[in-house]
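Worksheet: the structure to be examined is printed underneath.
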Ligand code: BGP
């Protein structure tokens, strides 16, 4: 039992959560740039007009824009085989509407890609990771407007043409199925139904029909992008990316099992079914009917979806839930909530920790699609403490990752075609859900804090050397 030869070990980040330099070299304003800081107890806000004196973490993040060479050198020191990062759409097309790409933006990512290749690290690029140009939100309500499809394809073309021969792996949208949740409509699809005043991130004005319309346009855009990628370079491999949330019936009551199936349909399968199989699953007809959702489709959409299934499947995996048809104590999770599982412990942010749930997930996904799989996000957000001697002993993170890697190994033994693993936030960065630095995931500590202090210097945590050993032994040495 072992990981296959050539297994892609590495780490993952997203532009808006680490680059900073939010208005440098011609970059435009993205949806993340109008999101304020927040914390576990205080939701961040989306402010259509930037407020003087308000703190916007993406504007500086961890200053990776100016330090990417140092960061990638550290990734290389750990032995990364792959580095997953996102391109910030607004560096390439500042408003999303330009006809020609911004050369300075392309050059920045060329620098990142070349730096990876210098160390033999395979770049894995997320094209749209919660970074839709804000101008497209104002004009078209993000992907709710069909016009945004063309803007996205123009952006994809610029990337596919520029990186031909250098980059092999692409993901169209980060966690597209987050668009099935009210909170995810803004992040994943750029849908913001309230432009006149700020929105509390956790309580958006939600119109399900608009959200599912936007999701449909994103499906079409994603399928068109897959096709375009293959036309430009037949060696390109394009994947989908989902939040995977393993879930169990809370009790053996048949009604709880049915509630769990419905959760799986909407949350885990709907978007992946469309992106992997190329057509809408039949169970969504009922959901749309019962929720009075009418999605408008153009006559060619069916064909476009059929012609653009993805080459591989990827997901984030952090935690699991239970489902019940009745009442239950609820537990927090990645963008969504579910019923609490009495057998699991939770992280400092209340996310239930479930390594076996990852093996369950990988089996379920592979049984369904028979496609190569990468786990492109997994990790523990925790409060790290610096000891008097300056060391950061994140044994809890090592333990979390170790348990999950063991379960991935089991899944490989079960026959799952798992080809890679990129831990989330391989370097500390800004949290997507809470907008804070305090929730740290990295092997590399960044001296930057929520009160705006800190010089951005980088330090290795205990987990740094541990992960280096894991990679060097291809997952054999986990202690
Ligand atoms: C996923 C996102 C990431 C990331 C991660 C951890 O949903 O794709 O961008 O941030 O979750 O979540 P958080 O930062 O909220 O802890």
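Numbering (this note's numbering), first residue to last: 1099 to 1577.
Heads up, the beta-carbon is just placed ideally off N, CA and C, and yes, glycines get one too.
Given the structure is predicted, the values throughout are model-derived calculations rather than measurements.
Does DSSP put residue 1108 in a helix, in a strand, or in coil?
strand
Classify residue 1248: buried if its beta carbon has 16 or more other beta carbons within 10 angstroms, exposed otherwise.
exposed
Simplified DSSP assignment, three categories, for residue 1419:
Here residue 1419 sits in strand by DSSP.
Based on DSSP bridge pairs, tell me the residues matched to residue 1435.
1430
Let me know the secondary structure DSSP gives residue 1488 once reduced to three states.
coil
Is residue 1129 near residue 1284, with beta carbons less than 8 Å apart?
yes
Using 8 Å as the threshold, is the region 1319–1336 in touch with the region 1411–1419, meaning 3 or more CB pairs across them?
Counting Cβ pairs under 8 Å, fewer than three are found: no touch.
According to DSSP, is residue 1401 part of a helix, a strand, or is it coil?
Residue 1401 falls in the helix class under three-state DSSP.
Here's a check: name, in chain order, each residue in its chain whose Cβ is nearer than 6 Å to the Cβ of residue 1376, leaving out the five neighbours to either side.
Same-chain partners within the cutoff: 1403, 1404 and 1407.
If you count every other CB in all the chains shown that lies within 10 Å of the CB of residue 1142, and 16 or more means buried, which is it?
buried
Which full runs of the alpha helix (DSSP H) of 4+ residues lie inside the region 1195–1242, going along the chain?
1201–1216 and 1232–1238
Using DSSP with H/G/I as helix, E/B as strand and the rest coil, what is residue 1322?
Here residue 1322 carries a helix assignment [DSSP, helix/strand/coil].
Report the residue from 1362, 1291 and 1339 whose alpha carbon sits nearest the alpha carbon of residue 1347.
1362
Going by the beta-carbon positions, is the gap between residue 1467 and residue 1411 smaller than 8 Å?
Their beta carbons are under 8 Å apart, which means residue 1467 touches residue 1411 by this criterion.
Taking 7 Å as the line, does the beta carbon of residue 1435 fall inside it for any heavy atom of the ligand BGP?
no
Put residue 1395 into one of helix, strand or coil per three-state DSSP.
coil
Nearest to residue 1268 by CA position, among 1286, 1203 and 1339, is which residue?
1339
Are residue 1518 and residue 1540 touching if we call contact CB-CB under 8 Å?
no
Could you tell me if residue 1482 is buried or exposed, where buried requires 16 or more neighbouring beta carbons within 10 angstroms of its beta carbon?
In this structure residue 1482 is buried. Its beta-carbon is surrounded by 16 or more other beta-carbon atoms within 10 angstroms.
To the nearest angstrom, how far is the alpha carbon of residue 1526 from that of residue 1379?
In this structure, the alpha-carbon of residue 1526 lies about 38 Å from that of residue 1379.
Count the other CB atoms within 10 Å of the CB of residue 1125; is the residue buried (16 or more) or exposed (fewer)?
buried
Suppose the cutoff is 7 Å on Cβ atoms and the five residues either side in sequence are ignored; what does the same chain contact list for residue 1306 look like?
1389 and 1391
Measure from the alpha carbon of residue 1504 to the alpha carbon of each residue in 1568, 1486, 1531 and 1553, then state which is nearest.
1568
Sorted by chain position, which residues of the same chain lie with C-beta nearer than 8 Å to residue 1113's C-beta, five sequence neighbours on each side aside?
1183, 1184, 1185, 1186, 1189, 1227 and 1229
Can the beta-carbon of residue 1054 be found closer than 8 Å to that of residue 1393?
Residue coverage of the chain in this structure runs from 1099 to 1577, which leaves residue 1054 outside it and unanswerable.
Is the closest heavy atom of the ligand BGP to the C-beta of residue 1573 under 7 Å?
no
Three or more C-beta pairs closer than 8 Å, one from the region 1161–1169 and one from the region 1438–1458: is that the case here?
no
Is the closest heavy atom of the ligand BGP to the C-beta of residue 1475 under 7 Å?
yes
Distance check for residue 1549 and residue 1536, CA to CA, integer angstroms please.
If you take the alpha carbons of residue 1536 and residue 1549, they lie about 10 Å apart.
Give the DSSP-derived three-state secondary structure of residue 1524 in the structure shown.
coil
Can you tell me the Cα-Cα spacing of residue 1148 and residue 1236, whole angstroms?
14 Å
Given residue 1193, which residues of its chain have a CB within under 6 Å of its CB, disregarding the five upstream and five downstream residues?
1126, 1231 and 1233
Return the first residue and the last residue of the alpha helix (DSSP H) that residue 1246 is part of.
1245–1260
What is the C-beta distance between residue 1216 and residue 1106, in whole angstroms, given that I count them as a contact (C-beta under 8 Å)?
The pair is not a contact, with the Cβ atoms about 18 Å apart (cut-off 8 Å).
In the DSSP output, what is residue 1450 paired with across the bridge?
1444
Cβ-based burial, residue 1212 [other Cβ within 10 Å; buried from 16]
Note on residue 1212: under 16 other CB atoms within 10 angstroms of its CB, so exposed under the neighbour-count rule.
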